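Engineer:
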Amino acid sequence: MRILIAEDDQVLADGLLRTLRGSGAVVDHVASGSEADTALLTNNEFDLLILDLGLPRLHGLEVLKRLRGRGSALPVLILTAADSIEERVKGLDLGADDYMAKPFALSELEARVRALTRRGMGGTSATIKHGPLVYDQAGRVATIDGKMVELSARELGLLEVLLQRAGRLVSKEQLVERLCEWGEEVSNNAIEVYIHRLRKKIEKGPIRIATVRGLGYCLEKIAA
Numbered sequence: 001m002r003i004l005i006a007e008d009d010q011v012l013a014d015g016l017l018r019t020l021r022g023s024g025a026v027v028d029h030v031a032s033g034s035e036a037d038t039a040l041l042t043n044n045e046f047d048l049l050i051l052d053l054g055l056p057r058l059h060g061l062e063v064l065k066r067l068r069g070r071g072s073a074l075p076v077l078i079l080t081a082a083d084s085i086e087e088r089v090k091g092l093d094l095g096a097d098d099y100m101a102k103p104f105a106l107s108e109l110e111a112r113v114r115a116l117t118r119r120g121m122g123g124t125s126a127t128i129k130h131g132p133l134v135y136d137q138a139g140r141v142a143t144i145d146g147k148m149v150e151l152s153a154r155e156l157g158l159l160e161v162l163l164q165r166a167g168r169l170v171s172k173e174q175l176v177e178r179l180c181e182w183g184e185e186v187s188n189n190a191i192e193v194y195i196h197r198l199r200k201k202i203e204k205g206p207i208r209i210a211t212v213r214g215l216g217y218c219l220e221k222i223a224a
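What the sequence shown shows, in full-length UniProt numbering, is residues 1 to 224, in sequence order.
As structure tokens, this is what we get:
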């Protein structure tokens with residue numbers, strides 16, 4: 001899961017980053033509306049936008065309006081001051097999916113994020129099956145033959161991308177773009193290491209990650 005946080009309160013932003021990264025999400029942060037608008041224009045890999053309305057340089061409602069005007073269905077969770085009922089109503093009318101009034105419990109925000117992520121799947125199941133491998137996208141838990149597989153956050157991210165594109169080639173560059181936060185240096189060699197670790201944990205029976213030399217990786221399609 002890749003999340004963009006648009007919040008100018010650095011203390012709150014740090015808390016959100018720490019909490020969401022702790023749950024295994026890849027999280028990027030901007031502190032102004034103009035930066036948020038630019039990020040949303042140039043990156044279509046986000047799964048969720050957490051949007052503060054009182055942003056400098058471009059109001060959060062304008063960010064939302066532009067996002068929906070481009071036809072994006074990206075789930076949006078609005079953060080507002082407790083007394084800004086009018087802005088909450090405007091945000092929902094402009095296409096926001098949910099809102100939280102400050103101050104709020106981080107545990108509740110995590111639950112809202114999980115709910116919006118499931119909703120963002122377009123009503124499809126949050127569970128992906130690949131032979132004996134079952135992956136719960138909302139809970140971020142993988143099992144093989146009913147037994148949990150212990151995976152790191154990076155390994156879970158790799159598995160999720162490969163499962164979502166099972167049977168199709170995924171390049172190293174696509175993996176880096178999908179799994180790495182801004183400013184994070186991850187080489188192609190590092191991706192090879194993560195793939196090697198993931199293979200050791202999940203390649204059992206019909207589950208296989210094929211390497212297409214010089215191009216990328218493919219989780220081989222298993223016939224139903």
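Yeah, the Cβ is synthetic: ideal placement off N, Cα and C, and Gly gets one too.
Values in this document were obtained by computation on a predicted structure and should not be read as measured data.
Pair every Cβ in the stretch 23-36 with every Cβ in the stretch 166-175, then say whether three or more of these pairs are closer than 8 Å.
Structural biologist: no
Engineer: Cβ of residue 24 within 8 Å of Cβ of residue 106?
Structural biologist: no
Engineer: Could you pull out every residue in the same chain whose Cβ sits closer than 6 Å to the Cβ of residue 158, ignoring the five residues on either side in sequence?
Structural biologist: 194 and 198
Engineer: Would you give the residue range spanned by the beta strand (DSSP E) that residue 225 belongs to?
Structural biologist: The structure shown does not extend to residue 225, since the chain is modelled only from 1 through 224, so no value can be given for it.
Engineer: Could you say which of 146, 161, 212 and 43 lies nearest to residue 67 if we only look at CA atoms?
Structural biologist: 43
Engineer: Starting from the C-beta of residue 17, find all residues in its chain whose C-beta is less than 8 Å away, skip the five residues before and the five after it, and write them out in chain order.
Structural biologist: 5, 27 and 29
Engineer: Report the rounded CA-to-CA distance for residue 65 versus residue 208, giving the unit in angstroms.
Structural biologist: 43 Å
Engineer: Identify the continuous alpha helix (DSSP H) that holds residue 90 and give its terminal residues.
Structural biologist: Run containing residue 90: 85-93, per the alpha helix (DSSP H) assignment.
Engineer: Is there contact here, the stretch 69-78 with the stretch 48-59, by at least three beta-carbon pairs under 8 Å?
Structural biologist: Proximity of the stretch 69-78 to the stretch 48-59 meets the contact definition, three or more beta-carbon pairs being nearer than 8 Å.
Engineer: Report the partner residues of residue 68 according to the DSSP bridge assignment.
Structural biologist: Residue 68 pairs with nothing; no bridge assigned.
Engineer: Assign residue 73 to buried or exposed, taking buried as 16 or more other Cβ atoms, counted over all protein chains shown, within 10 Å of its Cβ.
Structural biologist: exposed
Engineer: For a test of the three-state rule: what should DSSP assign to residue 12, helix, strand or coil?
Structural biologist: Assigned with DSSP and collapsed to three states, residue 12 falls in helix.
Engineer: Rounded to a whole number of angstroms, what is the C-alpha to C-alpha distance between residue 133 and residue 191?
Structural biologist: 22 Å
Engineer: The alpha helix (DSSP H) that contains residue 157, what's its start and end?
Structural biologist: 153-164
Engineer: Taking 8 Å as the threshold (C-beta atoms), are residue 149 and residue 201 in contact?
Structural biologist: yes
Engineer: Taking the CB atoms as reference points, tell me whether residue 156 and residue 140 lie closer together than 8 Å.
Structural biologist: yes
Engineer: Kindly give me the distance between the Cβ atoms of residue 177 and residue 45, rounded to whole angstroms, as I take these residues to be in contact under 8 Å.
Structural biologist: Right, their Cβ atoms sit about 6 Å apart.
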